[in-house]
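*Asks:* Provided herewith is a single structure, encoded as structure tokens, for subsequent inquiry.
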Amino acid sequence: MTDIFIGRQPIFDKNMNVFAYELLFRNGMDSLNADVIDGDSATSQVLMNCFFEIGLQNIVGSHKAFINMTRLFLSNPELIIEFPPDQLVLEVLENIEPTDEIINALKWLKKSGHTIALDDFIYSSKFDPLISLASIIKIDITALNNSQIKQHVEQLKTFNLKLLAEKVETYDEFEFLKDLDFDYFQGYFFSKPVIVKGRALAPNQLTVLQLLAKINDPNVDVEELSVLISSDVSLSHKVLKFINSPVSALRTQIDSIQQAVVLLGLATIKNWVTIMAMATGSKKPVELGKTALVRARCCEMLAKAIGHKKADGYFTVGLFSSLDAMMDQPLEVLLDELPLSNDSKLALLEHKGVFGEALECTLAMECGDFSDISFGSLEIKELSDIYLKAIHWADELAKNVLSVS
């Protein structure tokens, strides 16, 4: 059986809340640019993996999942009807012609409660029968210029459907598309910094950066860290609330910061406090915090899988890889203020060294590119399993860390 590897990309609404995830499927070494030898086989195995092996809940939580549908599946809708329609969004690929067979199948699927989306859509009147059945139309903004995008919006808004802009790479593009009344947005714009030359850190961001520097000082001891956390009433409240939640796995009620530091260990408590401090200093969407957590956990798990003993260093590199996007400042400027090792800084700025290799591997899996990744002697299937476990861990942790108030 062909191994199937799954990545995911968030889809946001206008308020930058996650509406859904598109599941990005690859079949191992032949997966560059998502090309697959047998798309029908890949879709079949992906559906089996999502619903029966991994569990859709472990990949997308309560959100919807966008899944590409091949002609075979749309021509045989009984293959899809067994899967619950409440979370699944069926993406009709751009190369599928609107034949009577396809139109009738989509009518049946829609009547059964399934959501239909048209992928990489470029308007032609021949697609009108599909448009009338679709709830969502995805427009690849890299395939059209601004004038053509506006024209598409004017044509499609006459139908009763939602518009999704995909491959949105910059915040300026997001603002332009939001003004055009797009409903949903997909791309890496949310994880890139919006750097304005000459703009200084906001006071709360500066405070957070100073706190991060103190927390990550390699010479800080248990007592100093306890005093540092306790001196910030809001932070200490969040730490205690989190530590006494089920996620921490501690069975003892914790009453003081020092007790928490002693029981959890210096490295662990530093990681938790770093996560909370970063979330506090950022007004960015929660998904960016989740992305940082996935990267941190994935890097850490990669290190453990090859027997590296300093896994907490990998965790820190993964976590700080989103710091520039969180604070909208160049990463090299922010790192100058943090007492990280040269190896960590080299990994973050140039993706070099063993830390950098782990980060590079994690970022490739985040993009769904399993075509040219490696880490140590790990098999690609092992890498995929690690990434999926990191996603599940980060999603669960985010509910308790990023939402703590």
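Take the sequence shown: its position 38, counted from the start at 1, is 314 in the numbering used here, and no numbers get skipped. Quick reminder that beta carbons are idealized off the backbone N, C-alpha and C, glycines included.
Between S597 and A568, is the Cβ-Cβ spacing less than 9 Å?
*Replies:* On the sequence shown, position 321 is the one that residue 597 refers to. On the sequence shown, position 292 is the one that residue 568 refers to. In this structure, A568 lies closer than 9 Å to S597 by Cβ.
*Asks:* Determine the burial state of C637: buried for a count of at least 16 other Cβ atoms within 10 Å of its Cβ, exposed for fewer.
*Replies:* As a working note, residue 637 is residue 361 in the sequence shown. Answer is buried; the Cβ neighbour count reaches 16.
*Asks:* Do the stretch 601 to 609 and the stretch 541 to 551 meet, that is, are 3 or more Cβ pairs less than 8 Å apart?
*Replies:* Taking 8 Å as the limit for Cβ pairs, the verdict is that the stretch 541 to 551 does not touch the stretch 601 to 609.
*Asks:* Using only the alpha-carbon positions, how far apart do V429 and K586 sit?
*Replies:* Here the question's residue 429 lines up with position 153 in the sequence shown. Here the question's residue 586 lines up with position 310 in the sequence shown. The alpha-carbon atoms of V429 and K586 are separated by roughly 52 Å.
*Asks:* Are the beta-carbon atoms of A393 and V368 separated by less than 9 Å?
*Replies:* Here residue 393 is taken as the residue at index 117 of the sequence shown, counted from 1. Here residue 368 is taken as the residue at index 92 of the sequence shown, counted from 1. In this structure, V368 lies closer than 9 Å to A393 by Cβ.
*Asks:* Buried or exposed, going by whether 16 or more other CB atoms sit within 10 Å of the CB of N238?
*Replies:* Given a span of 277 to 681 for the chain in the structure shown, any question on residue 238 remains unanswerable.
*Asks:* By how many angstroms is the C-alpha of L300 removed from the C-alpha of G337?
*Replies:* Position 61 of the sequence shown holds residue 337. Position 24 of the sequence shown holds residue 300. Rounded to whole angstroms, G337 to L300 spans 16 Å at the Cα level.
*Asks:* Does the distance from the CB of I417 to the CB of V444 come in under 9 Å?
*Replies:* In the sequence shown, the residue the question calls residue 417 occupies position 141. In the sequence shown, the residue the question calls residue 444 occupies position 168. Taking 9 Å as the Cβ cut-off, I417 and V444 qualify as a contacting pair.
*Asks:* How would you label D395, buried or exposed, when you count the other beta carbons within 10 angstroms and need 16 or more for buried?
*Replies:* To locate residue 395, count along the sequence shown from 1; it is residue 119. Classification for D395: buried.
*Asks:* In chain order, what residues of the same chain have a beta carbon less than 7 Å from the beta carbon of N380, not counting five sequence neighbours either side?
*Replies:* The residue given as residue 380 occupies position 104 in the sequence shown. If we look at N380 and ignore the five residues flanking it on each side, it has no Cβ neighbours.
*Asks:* Tell me the rounded alpha-carbon separation between S346 and L420.
*Replies:* By one-based count along the sequence shown, residue 346 stands at place 70. By one-based count along the sequence shown, residue 420 stands at place 144. Strictly speaking, residue 346 in this sequence is Thr, with Ser absent from that position. Distance between the alpha carbons of T346 and L420 is about 24 Å.
*Asks:* In angstroms with no decimal places, state the Cα-to-Cα distance between A296 and F288.
*Replies:* In the sequence shown, the residue the question calls residue 296 occupies position 20. In the sequence shown, the residue the question calls residue 288 occupies position 12. Those two C-alpha atoms are separated by around 7 Å.
*Asks:* If you reduce the DSSP assignment to three classes, tell me which class F466 lands in.
*Replies:* Here the question's residue 466 lines up with position 190 in the sequence shown. Residue state, collapsed to three classes: helix.
*Asks:* Look up F286 in the DSSP assignment and say whether it is helix, strand or coil.
*Replies:* Against the sequence shown, residue 286 aligns to sequence position 10. Reading off the sequence, residue 286 comes out as Pro, not Phe. DSSP places P286 in strand when its eight states are reduced to three.
*Asks:* Alpha carbon to alpha carbon, how far is E373 from A674? Give it in angstroms, no decimals.
*Replies:* The count along the sequence shown starts at 1 and reaches residue 674 at position 398. The count along the sequence shown starts at 1 and reaches residue 373 at position 97. The alpha-carbon atoms of A674 and E373 are separated by roughly 42 Å.
*Asks:* As a quick exercise: from Q363, L614 and T375, pick the residue whose alpha carbon is nearest that of L348.
*Replies:* Residue numbering aside, residue 348 sits at position 72 when the sequence shown is read from its first letter. The shortest Cα separation from L348 among Q363, L614 and T375 belongs to T375.
*Asks:* If you draw a straight line from the C-alpha of A670 to the C-alpha of S401, how long is it?
*Replies:* Your numbering for residue 670 matches position 394 in the sequence shown. Your numbering for residue 401 matches position 125 in the sequence shown. If you take the alpha carbons of A670 and S401, they lie about 44 Å apart.
*Asks:* If we ignore side chains and look at the alpha-carbon of each, how far apart do N344 and E642 end up?
*Replies:* In the sequence shown, counting from the first residue as 1, residue 344 sits at position 68. In the sequence shown, counting from the first residue as 1, residue 642 sits at position 366. Spanning the two alpha carbons is a distance of roughly 18 Å.
*Asks:* Does the stretch 479 to 491 come close enough to the stretch 581 to 595 to have 3 or more Cβ pairs within less than 8 Å?
*Replies:* Not touching, per the Cβ criterion.
*Asks:* So does the stretch 461 to 470 actually touch the stretch 432 to 447, counting three or more Cβ pairs closer than 8 Å?
*Replies:* Judged by Cβ distances under 8 Å, the stretch 461 to 470 makes contact with the stretch 432 to 447, as three or more pairs qualify.
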